[in-house]
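Let me begin by presenting the structure, written as structure tokens, before commenting on it.
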Amino acid sequence: MSAMSNHSTELSTVVIVGSGIAGASAAQTLRSEGFSGRVVLIGDEPAPPYRRPTVSKDFLSGATAAEKTALKPGSFWKERDIELITGATAVELDTRRKLVTLSSGETLSFSALLLATGGRARKLEGVSGAHFFTLRSMADADSLRESIRRTGSLLVIGGGLIGCEVAATARSLGAEVTVLERDRSLLSRIVPPDISTMIASLHSENDVDVCTDVALSSLDVSDDGSARATADDGRSWSAGTVLVSVGTVPEVTLAVAAGLRVHNGITVDGQFRTSADGVYAAGDAANIPGVRDSERYRSEHWNGAQAQGIAAAHSILGKPAPFTDVPWGWSTQYGHNVQFAGATRFDDDYVIRGSIDDRDFTAVAVREDTPVGVIAVGRPKDLRTVRTMIARGGTVDRAALADESVALTDVLADEREGRVAAAR
Numbered sequence: 001m002s003a004m005s006n007h008s009t010e011l012s013t014v015v016i017v018g019s020g021i022a023g024a025s026a027a028q029t030l031r032s033e034g035f036s037g038r039v040v041l042i043g044d045e046p047a048p049p050y051r052r053p054t055v056s057k058d059f060l061s062g063a064t065a066a067e068k069t070a071l072k073p074g075s076f077w078k079e080r081d082i083e084l085i086t087g088a089t090a091v092e093l094d095t096r097r098k099l100v101t102l103s104s105g106e107t108l109s110f111s112a113l114l115l116a117t118g119g120r121a122r123k124l125e126g127v128s129g130a131h132f133f134t135l136r137s138m139a140d141a142d143s144l145r146e147s148i149r150r151t152g153s154l155l156v157i158g159g160g161l162i163g164c165e166v167a168a169t170a171r172s173l174g175a176e177v178t179v180l181e182r183d184r185s186l187l188s189r190i191v192p193p194d195i196s197t198m199i200a201s202l203h204s205e206n207d208v209d210v211c212t213d214v215a216l217s218s219l220d221v222s223d224d225g226s227a228r229a230t231a232d233d234g235r236s237w238s239a240g241t242v243l244v245s246v247g248t249v250p251e252v253t254l255a256v257a258a259g260l261r262v263h264n265g266i267t268v269d270g271q272f273r274t275s276a277d278g279v280y281a282a283g284d285a286a287n288i289p290g291v292r293d294s295e296r297y298r299s300e301h302w303n304g305a306q307a308q309g310i311a312a313a314h315s316i317l318g319k320p321a322p323f324t325d326v327p328w329g330w331s332t333q334y335g336h337n338v339q340f341a342g343a344t345r346f347d348d349d350y351v352i353r354g355s356i357d358d359r360d361f362t363a364v365a366v367r368e369d370t371p372v373g374v375i376a377v378g379r380p381k382d383l384r385t386v387r388t389m390i391a392r393g394g395t396v397d398r399a400a401l402a403d404e405s406v407a408l409t410d411v412l413a414d415e416r417e418g419r420v421a422a423a424r
């Protein structure tokens, strides 16, 4: 990685490509940290920065109006002298001359540039037409909502986080819902099998038809005009609306064309610097070093992108600090709040506090007696405590961790005392 040659006193213009939570948080941080130069925030959607998690929940259901999803009041950006450009895409980046060209034809020069280009919904090859949708933006949610209300039935391809949330939202709209998942369990990238079973039961109790271990051979339109999904084993399902929810891919088109180092996202160092001097990346598009493990990762969750945007702004200003944020996210389905944090693997052991059957528990992923991840249902305070454990490292007493008569804060204190003693 090249080091940033510009010191904060030499900064005159910071351009941020992407007005999601990473880009918006970076812009706010630049101002709150006292940067008085020009800040330009570029978004490819017509709306100002908004709370993207609502697109699969309250905004999709219609419970929250578009104006209520705004990240900040309309006057916020102007009052802080942040130039907000909406409905524009950055189409060319010249890292040597430090110029970025927009789809409008405008060219901006910069002292530092942050790529917060986010991700885009992964599509299935050959699948298109009026019946088929992906979900990433408010415009996507508007179109999907209208189709669900009009057709009254929804087929969700993919039982990940967004797929499950949309299934729950569609049921609240009165639609018949079927979820097809190619793996053996829902949310397989996030939760272990026993918790996945609990999530599947929650959907089944709300009249969602959950089908796992489904290998699709085709998605097309049947003679009656409905969309049809057919599996390799001959099973088929039909619905008036189909959501393809099979993950996201990092938006790296601009970075690749500019010659930046890219591997499953824009490769950055611990200070969010890319391979080009003066160019940074954060959020869903960035591939960053892990907190402890040598493995790199992309955080595809709101809170992680927010933390990265803040950290990248500090780095741009010449005030870098070790990035120790433990990624976390959340989901609300049928009134149940599910939160998760850390970086887990399929072979991790889990220590359970509470009862999975009662849907009131905290599951701590432990690797060699070290907490590495956590899933909490209905226990947000537990999640915050375990996130602190993960960030600090160190081992824990598994028996104490599972014993609800022992407060988690006491387990944390014991872990901290153990680390101090070991260091002496």
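If you're matching positions, the sequence shown starts at 1 in the UniProt record's numbering and goes up one per residue. C-beta atoms are modelled at their ideal positions from N, C-alpha and C, and glycine is treated no differently.
| Query | Result |
| --- | --- |
| Local conformation of residue 113 per DSSP, three classes | strand |
| Cα-Cα separation, residue 319 to residue 310 | 11 angstroms |
| Own chain residues within Cβ distance below 6 angstroms of residue 107, not counting five before or after | 99, 101 |
| Identity of the residue in 60, 32, 92 nearest residue 433 by Cα | A question about residue 433 goes unanswered here, because the residues of the chain that appear run from 1 up to 424. |
| Integer Cβ distance of residue 243 from residue 157, believed to fall under 8 angstroms | 7 angstroms |
| Buried versus exposed, by CB contacts within 10 Å (16 or more), residue 181 | buried |
| Residue 47 - DSSP class collapsed to helix/strand/coil | coil |
| Cα-Cα separation, residue 308 to residue 21 | 9 angstroms |
| Where the alpha helix (DSSP H) through residue 25 begins and ends | 21-32 |
| Environment of residue 263 [buried if 16+ CB atoms lie within 10 Å] | exposed |
| The segment 39-58 touching the segment 274-281, judged by at least three CB pairs closer than 8 angstroms | no |
| DSSP state of residue 53 mapped onto helix, strand, coil | helix |
| Buried/exposed call for residue 404, threshold 16 Cβ in 10 Å | exposed |
| Nearest-angstrom Cβ-Cβ length linking residue 425 and residue 196, presumed shorter than 8 angstroms | In this structure the chain extends from 1 to 424, so residue 425 is not present and cannot be described. |
| Whole-angstrom distance between residue 46 and residue 425, CA atom to CA atom | Outside the shown range of the chain (1 to 424) lies residue 425, about which nothing can therefore be said. |
| 8 angstroms Cβ shell around residue 406 - same chain, five flanking residues per side excluded | 400 |
| Residue span of the beta strand (DSSP E) that contains residue 131, given as start and end | Premise fails: residue 131 is in no beta strand (DSSP E) and is neither H nor E. |
| Sequence-distant residues of its chain with Cβ nearer than 6 angstroms to residue 95 (five each side left out) | 258, 276, 279 |
| Check: residue 258 C-beta below 7 angstroms from any heavy atom of the ligand NAP | As presented, the structure is devoid of all ligands, the ligand NAP included, so that no description of it is given. |
| Under 8 angstroms between C-beta atoms of residue 298 and residue 313 | no |
| Ranges of the beta strand (DSSP E) found wholly within the segment 152-216, counting only runs of at least 3 | 153-157, 176-180, 208-211 |
| Residue 53 classed as buried or exposed, judged by whether at least 16 other C-beta atoms fall within 10 angstroms | buried |
| DSSP bridge partner residues for residue 303 (one or two, in chain order) | DSSP output for residue 303 lists no bridge partner at all. |
| Option in 12, 48, 18 with minimal Cα separation from residue 34 | 12 |
| Classification of residue 61 by the beta-carbon crowding that lies within 10 angstroms, buried from 16 upward | buried |
| Ranges of the beta strand (DSSP E) found wholly within the segment 233-301, counting only runs of at least 3 | 236-239, 241-244, 248-250, 279-281, 286-289 |
| Environment of residue 382 [buried if 16+ CB atoms lie within 10 Å] | buried |
| Boundaries (first-last residue) of the alpha helix (DSSP H) holding residue 380 | 380-392 |
| Where the beta strand (DSSP E) containing residue 102 begins and where it ends | 99-102 |
| Residue from 281, 104, 266, 346 whose Cα sits closest to the Cα of residue 25 | 281 |
| Residue 368, DSSP secondary structure in three states | coil |
| Contact check, residue 219 vs residue 231, beta carbons under 8 angstroms | no |
| Between the CA atoms of residue 228 and residue 171 - distance to the nearest angstrom | 20 angstroms |
| Burial state of residue 119 (16 or more Cβ within 10 Å) | buried |
| Contact belief for residue 226 with residue 236 at Cβ below 8 angstroms, rounded distance in angstroms | Rounded, the Cβ-Cβ distance is 11 angstroms, inconsistent with contact. |
| Backbone CA spacing between residue 192 and residue 317 [nearest angstrom] | 41 angstroms |
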